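Chemist:
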Amino acid sequence: MENMPTQELEDLRFIRYEAQDLIGYITLNRPEKRNALSADMVTELKQAFEFAEEDEACKVIVLRAEGDVFCAGADLGYIQELQGFGYTDNLADSTHLMQLFHQIYTLKKVVIGQVQGHALAGGCGLATICDFSFAVPEAKFGYTEVKIGFLPAIVSVFLLRKIGEARTKQLLLTGDVISAQLALEYGLVNFLVPKAELADNVYQFARRLCVENSTQSMETTKEMLARIPEMPLEDSLRYAARMNAEARGSDDCRRGIAAFLAKEKITWEN
Numbered sequence: 001m002e003n004m005p006t007q008e009l010e011d012l013r014f015i016r017y018e019a020q021d022l023i024g025y026i027t028l029n030r031p032e033k034r035n036a037l038s039a040d041m042v043t044e045l046k047q048a049f050e051f052a053e054e055d056e057a058c059k060v061i062v063l064r065a066e067g068d069v070f071c072a073g074a075d076l077g078y079i080q081e082l083q084g085f086g087y088t089d090n091l092a093d094s095t096h097l098m099q100l101f102h103q104i105y106t107l108k109k110v111v112i113g114q115v116q117g118h119a120l121a122g123g124c125g126l127a128t129i130c131d132f133s134f135a136v137p138e139a140k141f142g143y144t145e146v147k148i149g150f151l152p153a154i155v156s157v158f159l160l161r162k163i164g165e166a167r168t169k170q171l172l173l174t175g176d177v178i179s180a181q182l183a184l185e186y187g188l189v190n191f192l193v194p195k196a197e198l199a200d201n202v203y204q205f206a207r208r209l210c211v212e213n214s215t216q217s218m219e220t221t222k223e224m225l226a227r228i229p230e231m232p233l234e235d236s237l238r239y240a241a242r243m244n245a246e247a248r249g250s251d252d253c254r255r256g257i258a259a260f261l262a263k264e265k266i267t268w269e270n
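According to the working numbering, the sequence shown is numbered sequentially starting from 1.
(1) Under a three-way DSSP split, which group does Val155 fall into?
(2) Measure the C-alpha to C-alpha separation of Ala36 and Tyr78 and round it to an integer number of angstroms.
(3) Let me confirm a value: Leu151 is counted as buried when at least 16 other C-beta atoms fall within 10 Å, else exposed. Which label applies?
(4) Please report the Cβ distance between Lys140 and Val177, rounded to the nearest whole angstrom; I am assuming they are in contact, meaning their Cβ atoms lie under 8 Å.
(5) Name the one or two DSSP bridge partners that Ser236 has.
(6) Using only the alpha-carbon positions, how far apart do Gly123 and Leu12 sit?
(7) Helix or strand or just coil, what does DSSP make of Gly138?
(8) Using DSSP bridges, identify the partner residues of Ala119.
(9) Return the chain-ordered list of same chain residues with a C-beta closer than 7 Å to the C-beta of Gln216, the five sequence neighbours on each side being excluded.
(10) How big is the Cα-Cα spacing for Pro31 and Thr267?
(11) Which first and last residues belong to the alpha helix (DSSP H) in which Ser217 is found?
(12) Across the segment 19 to 34 and the segment 63 to 75, are there enough close Cβ pairs to call them in contact, namely three or more that are closer than 8 Å?
(13) So what does DSSP say about Leu192, is it helix, strand or coil?
(14) Quick check on the burial criterion: 16 or more other C-beta atoms within 10 angstroms. Buried or exposed for Phe260?
(15) From Leu198 to Val136, what distance separates their C-alpha atoms?
(16) How many Å lie between Gln20 and Leu82 at the Cα?
(17) Our contact map puts Val100 next to Lys46 with C-beta atoms below 8 Å; I'd like the distance itself, whole angstroms only.
(18) Check whether the Cβ atoms of Gly175 and Lys147 lie closer than 8 Å to each other.
(19) Identify whether Ala57 lies in helix, strand or coil by the three-state DSSP scheme.
(20) Based on DSSP bridge pairs, tell me the residues matched to Thr27.
(21) Looking at chain B, is there any beta carbon in it that lies within less than 8 Å of the beta carbon of Ala135?
Structural data, given as structure tokens:
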């Protein structure tokens with residue numbers, strides 16, 4: 001199944017969106033600028049993710065990029081513009097990026113990063129905010145903001161949850177650029193795949209989620225994982241118990257248990 005994007009998406013300059021086989025592909029399409037982030041590009045990403053979340057032709061989302069670099073962080077020209085910003089403009093701009101990261105993190109659909117090249121600063125945040133990330137061994141990762149007197153502020157919120165305080169401090173306070181292998185060991189990415197096999201591996205993984213897993217179950221599980229860390233222990237357990245009870249009454253759960261008891265193989269593509 002393939003969807004037909006709205007005119008708004010067809011008019012995007014820096015992002016492409018397409019859906020096929022229940023996978024929605026959001027592609028950074030500014031290779032001549034190493035897919036660097038600008039305010040307009042962030043706006044287009046937000047539009048693409050919003051569309052993909054409601055797209056019935058999309059069950060799982062893949063974030064990928066054209067060119068040799070996944071994303072080099074903030075656009076240099078845009079960084080120069082920031083010099084003339086006052087606090088109010090800077091707050092609006094940083095909130096714009098914060099909203100994108102929060103949108104991806106809380107999106108009801110699974111987001112898979114397909115990292116075919118270096119991911120640095122804000123680009124590293126974009127790669128590691130995904131639920132899963134596949135990377136090529138040649139890719140480099142790093143939050144280099146402190147080296148130019150800037151702050152890796154927004155990504156720190158998510159990185160503390162993802163890899164813990166010790167690793168987060170090591171990466172954000174040093175600004176070191178690390179190898180894909182070390183990124184794998186730190187938990188920034190999930191899988192390392194040779195470049196020639198990257199797209200196929202991501203496709204097969206995404207298709208497995210589409211076929212083997214309930215959409216409703218993945219959406220609810222992702223919501224729970226986003227909410228539970230901020231709750232006190234007792235509140236989180238009560239919340240988990242409520243979600244467990246609600247899930248038992250869902251159509252997907254009835255269908256899945258019936259198939260399990262009948263020893264039938266179930267597919268969740270529809």
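The beta carbon of each residue, even a glycine, is placed where N, CA and C say it ideally should be.
Owing to the predicted nature of the structure, the values given are computational and were not obtained by experimental measurement.
Modeler: Taking the coordinates as given:
(1) DSSP places Val155 in helix when its eight states are reduced to three.
(2) 9 Å
(3) exposed
(4) 5 Å
(5) Ser236 is not bridged to any residue.
(6) 19 Å
(7) In the sequence on display, residue 138 carries Glu and not Gly. Under the three-state reduction of DSSP, Glu138 is assigned to coil, being neither helix nor strand.
(8) Cys71 and Phe141
(9) Ser250 and Asp252
(10) 38 Å
(11) Thr215 to Arg227
(12) Here the segment 19 to 34 makes contact with the segment 63 to 75; the two share three or more CB pairs at distances below 8 Å.
(13) strand
(14) exposed
(15) Distance between the alpha carbons of Leu198 and Val136 is about 7 Å.
(16) 39 Å
(17) Position check: residue 100 holds Leu in this sequence, whereas Val was assumed. Contact holds; Cβ gap of about 5 Å.
(18) yes
(19) coil
(20) Arg16 and Arg64
(21) Given the protein chain composition of this structure (a single chain), no chain B is represented.
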